[in-house]
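Participant: Numbering (my numbering), first residue to last: 1 to 218. A virtual CB, placed ideally from N, CA and C, is assigned to each residue, including glycine. Can you read through this structure? Questions will come right after.
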Amino acid sequence: MRINPSILSADFVNLQREVERIASADLVHVDVMDNHFVPNLTFGPQMVGRLQAVSPLPLDVHLMISDADRWAPGYAELGAFSVTFHAEAATDAVATARAIRARGSRAGIAVKPGTAIEPLLELLPEFDQVLVMTVEPGFGGQSFMAGTMPKLRALRSAVDASGLDVWLQVDGGIALDTIGIAAEAGADTFVAGSAVYGSASVESAIAELRAAAAAHVH
């Protein structure tokens, strides 16, 4: 059970301190938004490069940007452990995933709540991670959409049948009361923003989320 806190909920002025606070987590989830693919703007390659230099944890970069085919490989070149781009923003998802892998990062593909998962099921060998968005991408602090769970179940069946090492990630509204639902449906990698950074003890929040997810695994 991997817990990847999202720095979207962190204090942007003190990001080095904020990533150091979550050292007991598995990866740092870095939301890159371009104010085009989603109606919000965060940061780009320069900030990700600096985070890569100071973070005690590997970076799990989530690109909510247009023209992913063009921009995604550059984030792998910065040294990110994992680079996830959106299916809706890619013209050739397989070629982009291969370019990310060729630069030494794990390649992930993300789908919005309304995007069908079926076209991806036969392409699973091309990806190291599939991210099922459990909110509409763009802003933190939204409510979990349980209607996305059938997609996770379909993915879990396909991954288990294939024997591939594909991580199944959920992002959006993940907290103590929802993480079990996602774990039961097959997720093994959980992005949590406000549930971690909004708590009195970041370390306790990470431990509690991890335990809650583990309790619901088949």
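Please report the distance separating the alpha-carbon of Ala212 from that of Ala183.
Facilitator: Their Cα atoms are separated by approximately 9 Å.
Participant: Where does Thr134 sit, in a helix, a strand or coil, going by DSSP?
Facilitator: DSSP places Thr134 in coil when its eight states are reduced to three.
Participant: Pull the bridge partners of Ile109 from the DSSP assignment, please.
Facilitator: Paired residues: Phe85 and Val130.
Participant: For the alpha helix (DSSP H) that Thr42 lies in, which residues bound it at each end?
Facilitator: No alpha helix (DSSP H) contains Thr42, which DSSP labels as neither H nor E.
Participant: Is it true that the stretch 31-51 meets the stretch 110-125, where meeting means three or more beta-carbon pairs spaced less than 8 Å apart?
Facilitator: Flag = no, the stretch 31-51 and the stretch 110-125 do not touch.
Participant: Relative to the C-alpha of Glu20, which residue among Pro56, Val191 and Ala185 is closest?
Facilitator: Among Pro56, Val191 and Ala185, the Cα nearest to that of Glu20 is on Pro56.
Participant: In terms of alpha-carbon separation, which member of Leu63, Ala102 and Ala99 lies closest to Lys112?
Facilitator: Of the listed residues, the one whose Cα sits closest to Lys112 is Leu63.
Participant: Please report the residue range of the beta strand (DSSP E) in which Pro5 lies.
Facilitator: Unbroken beta strand (DSSP E) run through Pro5: Arg2 to Pro5.
Participant: Got a sec, what are the start and stop residues for the beta strand (DSSP E) Asp69 sits in?
Facilitator: No beta strand (DSSP E) holds Asp69; the alpha helix (DSSP H) holding it covers Ala68 to Glu77.
Participant: DSSP three-state call for Thr96: helix, strand or coil?
Facilitator: Thr96 falls in the helix class under three-state DSSP.
Participant: Assuming Gln169 is part of the beta strand (DSSP E), what are its boundary residues?
Facilitator: First-last of the beta strand (DSSP E) with Gln169: Trp167 to Asp171.
Participant: Over what stretch of residues does the alpha helix (DSSP H) that includes Ala183 continue unbroken?
Facilitator: Per DSSP, Ala183 belongs to the alpha helix (DSSP H) from Ile179 to Ala185.
Participant: Give me the Cα-Cα distance between Gly180 and Met133, rounded to the nearest whole angstrom.
Facilitator: Computed Cα separation, rounded: 16 Å.
Participant: Quickly, what does DSSP pair Thr91 with across the bridge? List them, please.
Facilitator: DSSP, once it has assigned bridges, lists no residue as partnering Thr91.
Participant: Determine whether the beta carbon atoms of Asp188 and Leu168 lie at a separation below 7 Å.
Facilitator: Contact: yes.
Participant: Does the contact criterion of 3 or more C-beta pairs under 8 Å hold for the stretch 97-113 versus the stretch 71-80?
Facilitator: Flag = yes, the stretch 97-113 and the stretch 71-80 touch.
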